[in-house]
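Undergrad: Okay, here's the structure, questions in a sec.
2 protein chains.
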Amino acid sequence: MTDEYAIQTVVVASRPDGLPRPEDFAPSSEPRADLRPGTVRVRVDELSLDPYLRSLLGTGHLDDAPVGPGQVMPGRSVGTVVESDSEVRVGTLVIAETGWRAEAVVEAAAVTEVRLPEGVPASAALGALGMPGLTAYAAIERHLQPRAGETVVVSSATGGVGALAGQLARLAGARTVAIVGTDEKARIARDDLGYDEAIVRGRDGWAEALRVACPDKVHGYLHMGDQETLDGVAEYLAVGARVSLIGLIDQSNGAPATRIRAGALMAARAATYGMVVYDHADLSAEHVDRVGPLLAAGTVTTLEDRYDGLASAGEAFAALMSGRNRGKVVVTVAPTLSEEESA
Amino acid sequence: MTDEYAIQTVVVASRPDGLPRPEDFAPSSEPRADLRPGTVRVRVDELSLDPYLRSLLGTGHLDDAPVGPGQVMPGRSVGTVVESDSEVRVGTLVIAETGWRAEAVVEAAAVTEVRLPEGVPASAALGALGMPGLTAYAAIERHLQPRAGETVVVSSATGGVGALAGQLARLAGARTVAIVGTDEKARIARDDLGYDEAIVRGRDGWAEALRVACPDKVHGYLHMGDQETLDGVAEYLAVGARVSLIGLIDQSNGAPATRIRAGALMAARAATYGMVVYDHADLSAEHVDRVGPLLAAGTVTTLEDRYDGLASAGEAFAALMSGRNRGKVVVTVAPTLSEEESA
Numbered sequence: 014m015t016d017e018y019a020i021q022t023v024v025v026a027s028r029p030d031g032l033p034r035p036e037d038f039a040p041s042s043e044p045r046a047d048l049r050p051g052t053v054r055v056r057v058d059e060l061s062l063d064p065y066l067r068s069l070l071g072t073g074h075l076d077d078a079p080v081g082p083g084q085v086m087p088g089r090s091v092g093t094v095v096e097s098d099s100e101v102r103v104g105t106l107v108i109a110e111t112g113w114r115a116e117a118v119v120e121a122a123a124v125t126e127v128r129l130p131e132g133v134p135a136s137a138a139l140g141a142l143g144m145p146g147l148t149a150y151a152a153i154e155r156h157l158q159p160r161a162g163e164t165v166v167v168s169s170a171t172g173g174v175g176a177l178a179g180q181l182a183r184l185a186g187a188r189t190v191a192i193v194g195t196d197e198k199a200r201i202a203r204d205d206l207g208y209d210e211a212i213v214r215g216r217d218g219w220a221e222a223l224r225v226a227c228p229d230k231v232h233g234y235l236h237m238g239d240q241e242t243l244d245g246v247a248e249y250l251a252v253g254a255r256v257s258l259i260g261l262i263d264q265s266n267g268a269p270a271t272r273i274r275a276g277a278l279m280a281a282r283a284a285t286y287g288m289v290v291y292d293h294a295d296l297s298a299e300h301v302d303r304v305g306p307l308l309a310a311g312t313v314t315t316l317e318d319r320y321d322g323l324a325s326a327g328e329a330f331a332a333l334m335s336g337r338n339r340g341k342v343v344v345t346v347a348p349t350l351s352e353e354e355s356a
Numbered sequence: 014m015t016d017e018y019a020i021q022t023v024v025v026a027s028r029p030d031g032l033p034r035p036e037d038f039a040p041s042s043e044p045r046a047d048l049r050p051g052t053v054r055v056r057v058d059e060l061s062l063d064p065y066l067r068s069l070l071g072t073g074h075l076d077d078a079p080v081g082p083g084q085v086m087p088g089r090s091v092g093t094v095v096e097s098d099s100e101v102r103v104g105t106l107v108i109a110e111t112g113w114r115a116e117a118v119v120e121a122a123a124v125t126e127v128r129l130p131e132g133v134p135a136s137a138a139l140g141a142l143g144m145p146g147l148t149a150y151a152a153i154e155r156h157l158q159p160r161a162g163e164t165v166v167v168s169s170a171t172g173g174v175g176a177l178a179g180q181l182a183r184l185a186g187a188r189t190v191a192i193v194g195t196d197e198k199a200r201i202a203r204d205d206l207g208y209d210e211a212i213v214r215g216r217d218g219w220a221e222a223l224r225v226a227c228p229d230k231v232h233g234y235l236h237m238g239d240q241e242t243l244d245g246v247a248e249y250l251a252v253g254a255r256v257s258l259i260g261l262i263d264q265s266n267g268a269p270a271t272r273i274r275a276g277a278l279m280a281a282r283a284a285t286y287g288m289v290v291y292d293h294a295d296l297s298a299e300h301v302d303r304v305g306p307l308l309a310a311g312t313v314t315t316l317e318d319r320y321d322g323l324a325s326a327g328e329a330f331a332a333l334m335s336g337r338n339r340g341k342v343v344v345t346v347a348p349t350l351s352e353e354e355s356a
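As given, the protein sequences belong to chains A and B, one line each in that order.
Using our numbering, the first residue of the first sequence is number 14, and each one after it goes up by one.
Using our numbering, the first residue of the second sequence is number 14, and each one after it goes up by one.
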């Protein structure tokens, strides 16, 4: 038994109808949980905010049940093991499904020890070296397989997945074209992430701008976005194109079902793949081994939107889901190990 | 110079709006063409009718321009070289783009010599050993890749492509389920083609019947058909499913664009491929080498709807496009070589 004192949490206040608002979430607390055999207590250092969480506020996501008012919001963190009744040592930096909590007791078997190359911050384990990074890596390695001289288009191009995917495609020798939501993101895509071109979706003439930006048409397309973006790119695929479906707007904000015109896929003899990152866990080690050094060397850039304090998680999530983020969204809950060490 | 006399043809009388009708085509004639260096004169033995021809009456098909009133309808035949100003010998059985003609002069380089295993009729070169057969073979080998114990669903399951695809999937050890348009075709699918189950599409409860017929869901789906059929199967794909898009109703009869729900593909992590048979010409020899003996041995069954005389081509094509055929549709224009030989 441990002392029972309040652990800071964030709960669902109301299920959002469309875009989540900050007020759909509320700060709360819960009694400190007991450590049981085979579990560890994780102090949350950085909380990850990801689009898939939106579906938990609706019908659920894959095998995860939906959550409703009063329940602590689920989520993934990088944190430090502060107590252990398992083989995991105290002090280990781990990824864990903690939910939006300052501290959580979780099964030791369910945490993943974080391997970080020197010079890479812990939050990278939630971004370029975490799930979004593995998503990008697997989409490039297994779906898009870009070759030198091909053109790869990435939507949500400055986000956690897109930013890495675009850079990996460029390193493979492809011409890369970003599709983004704002002029500011277009600037970031070109100046910070090295895309050859960046196009703001949804504006008059954006599809024509895409055609100008892709004189050889589109050989690889990584889709995270809305129907109009998918239609615009699908109608401009090169013969033999590969499309990876990473995220759909109807999965998150309750939009109508996204549909692809089958005739466009046939005309391009395109191969279209559905991406669920959990299917690619076998690539995890290779992903960290290959992307880690690129990150440490600065060959690959990551963008982070960092919020301070667990109570800001709702605001951070609302910003993410409305596309106001410019990179991977993390909430700093406790000082990271490296900051502690340097203190 | 050769004598100029009338060659029997069939021309387009009017461009069909939706389903082609027999009266959209009319018998006609044209002067006999001269043999030029590098060409052969082909006597058409059997004319092939295929769904792709429908798009030539609309916007065209791939690189083929559309045709209009007064023009001879394009099409592929198996025929006999009766005169040659090339290295192709007189008497050679060939596949050629003759159009709907009793005789045509074509480039020798554009004809394909037919290799037929003993005991297989010449018309097989238009069906199971021709383009429809190669389509089925490539879709199974390269897209669906069925494994023993998996379930493969084939739409238009008794047609030229579907009949062979279903049998190849069964020979690979898969459970095979036919989707067809009529009770008679369902009977043929089960009794003559060996499908485990056959379902008549579009009827009340057909999608539920599909679920009952596929207790492990659908691992491979070969699509030639309408939106409702595609939706019904797409929502019931197994994880890791493969979908081959072979034919779309909007390509032929002017229906609205067929669309696939992207969320269904993602949920199943499905791989979807567009099939254009010309991309798989490299499989031609393997296809004939493997399917030919199966056909000769009766391990694989083919169904043919045979019409007599070139003038019946319009009627035959209308029947094909309205789904009233029960197998590969051919028009006998001249007695085949083998019939002549046995005469």
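Backbone N, C-alpha and C fix where the C-beta goes; we use that ideal spot for every residue, glycine too.
With a threshold of 8 Å, are at least 3 pairs of Cβ atoms found where one atom belongs to the region 304-322 of chain B and the other to the region 277-291 of chain B?
TA: The region 304-322 of chain B vs the region 277-291 of chain B: no contact.
Undergrad: Which residue wins for smallest C-alpha separation from Ala161(B), given the options Arg188(B), Leu142(B), Arg155(B), Gly173(B)?
TA: Checking every option, the nearest Cα to that of Ala161(B) belongs to Arg188(B).
Undergrad: Is it true that the region 131-151 of chain B meets the region 211-229 of chain B, where meeting means three or more beta-carbon pairs spaced less than 8 Å apart?
TA: Output reads no: the region 211-229 of chain B does not touch the region 131-151 of chain B.
Undergrad: Applying the 10 Å Cβ sphere with the 16-neighbour rule, what's the burial state of Arg216(B)?
TA: Classification for Arg216(B): exposed.
Undergrad: Exposed or buried, what is Gly233(A) when buried is set at 16 or more other beta-carbons lying within 10 Å of its beta-carbon?
TA: Buried: at least 16 other Cβ atoms inside 10 Å.
Undergrad: Identify every residue that forms a DSSP beta bridge with Phe38(B).
TA: For Phe38(B), which the question treats as bridged, DSSP gives the partners Val25(B).
Undergrad: Looking only at its own chain, which residues have a Cβ that is under 6 Å from the Cβ of Leu177(B), when we skip the five neighbours before and after it?
TA: These residues qualify, in order along the chain: Ala141, Gly146, Ala149.
Undergrad: In chain A, which residues lie less than 7 Å from Tyr286(B) when you measure between Cβ atoms?
TA: What Tyr286(B) touches in chain A: Ala284.
Undergrad: Could you compute how far the alpha carbon of Pro35(B) sits from the alpha carbon of Ser41(B)?
TA: Going from the Cα of Pro35(B) to the Cα of Ser41(B) covers about 14 Å.
Undergrad: For Pro50(B), does the three-state DSSP call read helix, strand or coil?
TA: Note: Pro50(B) maps to coil in three-state DSSP.
Undergrad: Are the Cβ atoms of Ile108(A) and Thr125(A) separated by less than 7 Å?
TA: Cβ atoms of Ile108(A) and Thr125(A): closer than 7 Å.
Undergrad: When the Cα atoms are used, what is the spatial distance from Pro159(A) to Val165(A)?
TA: Each residue's alpha carbon lies about 7 Å from the other.
Undergrad: Look at the alpha carbon of Met144(A) and the alpha carbon of Val313(A), and state the distance between them as a whole number of angstroms.
TA: Taking the straight line from one Cα to the other gives about 17 Å.
Undergrad: Looking at C-beta atoms only, is the number of pairs between the region 81-97 of chain B and the region 107-121 of chain B that lie closer than 8 Å three or more?
TA: The region 81-97 of chain B is in contact with the region 107-121 of chain B.
Undergrad: Taking only the alpha-carbon atoms, compute the straight-line gap between Ala26(A) and Arg49(A) and give it to the nearest angstrom.
TA: So the alpha carbons of these two residues sit roughly 30 Å apart.
Undergrad: Is Asp204(B) close to chain A? Criterion is C-beta to C-beta, closer than 7 Å.
TA: It does not: the Cβ of Asp204(B) has no partner Cβ on chain A nearer than 7 Å.
Undergrad: Pull up the DSSP beta-bridge partners for Arg319(A), would you.
TA: Partner(s): Val343(A).
Undergrad: Given a threshold of 16 other Cβ atoms within 10 Å of its Cβ, counted over all protein chains shown, does Ala121(B) qualify as buried or as exposed?
TA: By the 10 Å Cβ count, Ala121(B) comes out buried.
Undergrad: Look at Leu296(A) and Ala151(A) and say whether their C-beta atoms are less than 7 Å apart.
TA: Yes, the Cβ-Cβ distance between Leu296(A) and Ala151(A) is below 7 Å.
Undergrad: Closer than 8 Å, Cβ to any Cβ of chain A: which residues of the region 262-281 of chain B, in chain order?
TA: From the region 262-281 of chain B, only Asp263, Gln264, Ala270, Thr271, Arg272, Ile273, Arg274, Ala275, Gly276, Leu278, Met279, Ala280, Ala281 have a Cβ closer than 8 Å to chain A.
Undergrad: Does Asp196(A) pass the burial test, meaning 16 or more other C-beta atoms within 10 Å, or should it be called exposed?
TA: Counting Cβ neighbours within 10 Å, Asp196(A) comes out exposed, since fewer than 16 surround it.
Undergrad: Go ahead and label Arg56(B) buried or exposed: buried means 16 or more other beta carbons lie within 10 angstroms of its beta carbon, across all protein chains shown.
TA: By the 10 Å Cβ count, Arg56(B) comes out buried.
Undergrad: Would you identify the three-state DSSP class for Leu243(B), choosing helix, strand or coil?
TA: Three-state result, Leu243(B): helix.
Undergrad: Say whether the region 318-335 of chain B touches the region 288-303 of chain B, bearing in mind that this needs 3 or more beta-carbon pairs closer than 8 Å, one atom from each stretch.
TA: No, the region 318-335 of chain B is not in contact with the region 288-303 of chain B.
Undergrad: Look at the alpha carbon of Asp58(A) and the alpha carbon of Thr93(A), and state the distance between them as a whole number of angstroms.
TA: Each residue's Cα considered, the two are about 7 Å apart.
Undergrad: Just mark Ala356(B) as buried or exposed, buried being the case when its beta carbon has 16 or more other beta carbons within 10 Å.
TA: Residue confidence is low: Ala356(B) scores 38 on pLDDT, short of 50, so the model does not pin down where it sits. Its coordinate-derived value is still stated next. Burial call: exposed.
Undergrad: When burial is assigned at 16 or more other CB atoms within 10 Å of the CB, is Val342(A) buried or exposed?
TA: Val342(A) comes out buried.
Undergrad: Classify Ser168(B) as helix, strand or coil using the three-state DSSP reduction.
TA: Strand, per DSSP.
Undergrad: Could you check if Ala268(A) is buried or exposed, using at least 16 other CB atoms within 10 Å of its CB as the buried criterion?
TA: By the neighbour-count rule (16 or more Cβ atoms within 10 Å), Ala268(A) is not buried but exposed.
Undergrad: Considering Thr148(B), what are the terminal residues of the alpha helix (DSSP H) in which it resides?
TA: Counting along the chain, the alpha helix (DSSP H) containing Thr148(B) begins and ends at 144-151.
Undergrad: Pull up the distance between the alpha-carbon of Asp63(B) and that of Leu223(A), whole angstroms please.
TA: Cα-Cα distance, rounded: 36 Å.
Undergrad: Pull up the DSSP beta-bridge partners for Glu96(A), would you.
TA: For Glu96(A), which the question treats as bridged, DSSP gives the partners Arg54(A).
Undergrad: Give a yes or no on whether 7 Å exceeds the smallest Cβ distance from Asp292(A) to chain B.
TA: Closer than 7 Å to some Cβ of chain B, the Cβ of Asp292(A) qualifies, so yes.
Undergrad: Output, in sequence order along the chain, the residues in the region 247-262 of chain A whose CB is closer than 7 Å to any CB in chain B.
TA: Those residues of the region 247-262 of chain A that come within reach of chain B (Cβ to Cβ, closer than 7 Å) are Leu258, Leu261.
Undergrad: Could you please give me the residues that DSSP links to Ser297(B) through a beta bridge?
TA: DSSP output for Ser297(B) lists no bridge partner at all.
Undergrad: By how many angstroms is the C-alpha of Val167(B) removed from the C-alpha of Ala191(B)?
TA: The alpha-carbon atoms of Ala191(B) and Val167(B) are separated by roughly 5 Å.
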